[in-house]
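**Q** Got a structure for you, written out below as C-alpha cells; questions coming shortly.
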Amino acid sequence: MGSILEALFYGNIRPDEGIHPKHSEYHELNLKISSLINAYHKKLSPEEYDELEKLIDLLGQSTSMYSAAAYKEGFRLGTLMMIEVMGAGEKGAGGLGE
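Residues 751 to 848 (this note's numbering) make up the sequence shown, in order.
Written out as C-alpha cells, the structure is:
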C-alpha cells in the first residue's frame with residue numbers, strides 16, 4: 751500500500767463509498783422506502799411523481815451535507831484526541847477542557 755497522503759492527493763480516498771451500515775434495521779428500512787416509492791409511482795400522476803422525486807432529491811442533498819459536516823467534525827475531534835494522546839495537547843495547547 752502506498753502513502754495515504756498520495757492516495758488523498760490523487761483522490762483515491764473516498765470514505766463515503768465504503769460505508770455500509772451494519773445496523774440490523776438498515777436493510778429493512780431501505781426496503782420499506784423502496785416499496786413506498788414504488789407505491790407512490792403507481793398512485794400519483796406523472797407530474798405529481800416528478801414533484802415527489804424533486805423532494806426526495808432535496809432530502810438527499812440535505813442528508814449529504816449533514817453527513818459531510820458530521821464527518822468533518824468527527825475527523826476534527828479524532829485529530830484533537832490524537833494530539834492529546836501524543837502529549838501535544840498538554841498545558842496551553844488550546845484544547846478542550848482548559
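C-beta: ideal position from N, C-alpha, C; glycine also.
All figures in this text were calculated on a predicted structure; none of them were measured in a lab.
Please look up how many angstroms separate the CB atoms of Leu802 and Tyr790, rounded, as I've assumed it's under 8 Å.
**A** 6 Å
**Q** Looking at the structure shown, is Gly828 part of a helix, part of a strand, or coil, going by DSSP?
**A** helix
**Q** Going by DSSP in three states, Glu756 sits in which element: helix, strand or coil?
**A** helix
**Q** Within its chain, find whatever has a CB closer than 7 Å to the CB of Asp807; leave out the 5 residues flanking it on each side and keep chain order.
**A** In its chain, beyond the 5 residues on either side, no residue has a beta carbon closer than 7 Å to the beta carbon of Asp807.
**Q** Ends of the alpha helix (DSSP H) at Ala789?
**A** 776-793
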